[in-house]
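Chemist:
In structure tokens, the structure reads:
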């Protein structure tokens, strides 16, 4: 194997890790912002952050999992594939509110119908996730 191909492969590896680290960092920031902004979901962003940090930074992932506020929903999902009932109710409420606002602001009828269908599918899928 040529040295140039080894360097190229290591650059790809580095760029792959950099991509996941940047994605995880952005997801973590959005998750933290979501704690304070009710229309921004926290748990999905924290799950994405954990997935990214698992690939790139065990130290950051460990910090996230052991954090007193941010860690429990992630650990619950990873261990039992469940969502705490209170978090699930808040998320369902925010999904409904978000889609009502989006549907009311959409100027075209077919977009309103599409949003309604997406809301129904999302709420159905979300209701199939077990609660703890």
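Numbering (this note's numbering), first residue to last: 329 to 460.
Every residue gets a Cβ at the ideal spot worked out from N, C-alpha and C, and that includes glycine.
#1: Return the Cβ separation of residue 423 and residue 451 in integer angstroms, given the expectation that the two are a contact with Cβ distance under 8 Å.
#2: Assuming residue 392 and residue 381 form a contact by the criterion Cβ under 8 Å, report the distance between their Cβ atoms to the nearest whole angstrom.
#3: Looking at the structure shown, is residue 411 part of a helix, part of a strand, or coil, going by DSSP?
#4: Distance, Cα to Cα, residue 372 vs residue 351?
#5: For residue 441, name the three-state secondary structure that DSSP assigns.
#6: Considering Cα atoms alone, identify which of 375, 347, 449 is closest to residue 420.
#7: State the Cα-Cα distance for the pair residue 426 and residue 437, rounded to the nearest angstrom.
#8: DSSP has residue 459 in a bridge; who is on the other side?
Modeler: In this structure, then:
#1: Along the chain shown, read from residue 1 onward, the residue named residue 423 stands at position 95. Along the chain shown, read from residue 1 onward, the residue named residue 451 stands at position 123. A Cβ-Cβ distance of about 6 Å is found for the pair residue 423 and residue 451, placing them in contact under the 8 Å criterion.
#2: Working through the chain shown from its first residue, we reach residue 392 at position 64. Working through the chain shown from its first residue, we reach residue 381 at position 53. Rounded, the Cβ-Cβ distance is 6 Å, consistent with contact.
#3: If you number the chain shown from 1, residue 411 lands on position 83. In the three-state reduction of the DSSP assignment, residue 411 falls in the strand class.
#4: The count along the chain shown starts at 1 and reaches residue 372 at position 44. The count along the chain shown starts at 1 and reaches residue 351 at position 23. Within the model, the alpha-carbon separation for residue 372 versus residue 351 is close to 13 Å.
#5: The residue you call residue 441 lines up with position 113 of the chain shown. DSSP, reduced to helix, strand and coil, places residue 441 within a helical segment of the structure shown.
#6: Taking the chain shown and counting its residues from 1, the one referred to as residue 420 is at position 92. For the set 375, 347, 449, the Cα lying nearest the Cα of residue 420 is the one of 449.
#7: For the purposes of this step, residue 426 is taken as residue 98 along the chain shown, with counting starting at 1. For the purposes of this step, residue 437 is taken as residue 109 along the chain shown, with counting starting at 1. Looking at the two C-alpha atoms, the distance is approximately 17 Å.
#8: For the purposes of this step, residue 459 is taken as the residue at position 131 of the chain shown. Answer by DSSP bridge pairing, in chain order: 411.
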